[in-house]
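Taking it in order: structure first as structure tokens, then the write-up.
In this note's numbering, the protein residues as written are 281 to 561.
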């Protein structure tokens, strides 16, 4: 009987092994497209003269090890009012830097990137931001009245259409939490934004506790960028939701006038930003 059972197990193993086939699926691969990461951030209290733009190319989803940095491009930003031009230096690692940029609030700027014989253009306005009035912790301002959150208060200017963008990140975390808001229903009033972290074993996330440090970045942004980042946040937060719409590549403001179909991914944004941090007590 034991011999029979052993022989049966060997037969089943052989059958299962012989029935396993490797199935290769052809995945459509799009042609590489230029990716422009051009966030010009002017931190309050600084000159804003040092700026960096990153260029790369898109890569196939299953080919993450490919070196996709872009070198040899020409990158310039021009002030549309006085025609002053700022030339970025190629650092040969995909980054392009400058140390004499002049940011002016509410001025219009044009980005030009020349790469592989193609010229990419983007236009934006440098949007100022108000000061933060107060940063504090509480238990009753968030979704869970037993979880600590950090609060940011500021006063929205009267009779102005304003759009704001926040980045919250606990020190030690890899990715920030993103938030975009407008003053559509709160024009001229005190505005409050909070950030809390609920315990989640699936992603190894813990609630804030005493000693934790939250870094905060508060940006003024244009309406166009607000619409763009809102869609990006919605797609990010819907990952894993079986009822969400299928994510698509978002089109930013980087155009290719001579070859419109070959536009670049990414966005050209100019913002004034307030940076601060809070240590929980």
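Where a beta carbon is used, it is the ideal one built from N, C-alpha and C, also for glycine. None of these values were measured; they are calculated from a predicted model.
- The straight-line gap separating the alpha-carbon atoms of residue 414 and residue 556 is approximately 11 angstroms.
- For residue 409, the closest alpha carbon among the candidates 461, 393, 452 is that of 461.
- Cα atoms of residue 432 and residue 472: separation of roughly 6 angstroms, rounded to the nearest angstrom.
- Taking C-beta separations shorter than 8 angstroms and ignoring five residues to either side along the sequence, the partners of residue 478 in its chain run 423, 424, 427, 485, 487, following chain order.
- Within the region 439–506, complete beta strand (DSSP E) segments of at least 3 residues are found at 443–450, 457–462, 470–476, 493–501, given in chain order.
- Contact check for residue 435 against residue 470 passes: the beta carbons are separated by less than 8 angstroms.
- Per the coordinates, the alpha-carbon of residue 553 lies some 5 angstroms from the alpha-carbon of residue 498.
- Considering only 560, 559, 551, the residue with the shortest C-alpha distance to residue 386 is 551.
- The closest CA to that of residue 542, considering only 401, 492, 362, is found on 401.
- Scanning 347, 500, 558 for the CA closest to the CA of residue 450 turns up 558.
- About 15 angstroms separates the Cβ atoms of residue 337 and residue 355, ruling out a contact at the 8 angstroms cut-off.
- Taken through DSSP and simplified to helix, strand or coil, residue 543 comes out as coil.
- Within the region 324–395, no run of alpha helix (DSSP H) at least 4 residues long lies entirely inside it.
- Sequence-distant Cβ neighbours of residue 391 in its own chain, meaning closer than 6 angstroms and more than five residues away, are 318, 357, 402, 548.
- Bounds of any beta strand (DSSP E) do not take in residue 409, whose DSSP letter is neither H nor E.
- The beta carbon of residue 369 lies closer than 8 angstroms to those of 376, 377, 378 in the same chain, with the five residues before and after it left out.
- Residues 322, 328, 406 of the same chain have their beta carbon placed closer than 6 angstroms to that of residue 383, with the five preceding and five following residues left out of the count.
- Assignment of residue 552 by DSSP, reduced to helix, strand and coil, places it in the strand class.
- In the DSSP assignment, residue 431 falls within the unbroken beta strand (DSSP E) covering 429–435.
- In terms of CA proximity to residue 374, 349 leads the group 365, 398, 349, 397.
- Distances from the CA of residue 538 to each of 371, 320, 464, 395 were compared; the closest alpha carbon is that of 395.
- At the C-beta level, residue 545 and residue 501 stay beyond 8 angstroms of one another.
- DSSP places residue 417 in the strand class (E or B) of the three-state scheme.
- The shortest CA-to-CA distance from residue 446 to any of 418, 412, 439 is the one to 412.
- Sequence-distant Cβ neighbours of residue 513 in its own chain, meaning closer than 6 angstroms and more than five residues away, are 458.
- In this structure, residue 389 keeps its C-beta atom at 8 angstroms or more from the C-beta atom of residue 362.
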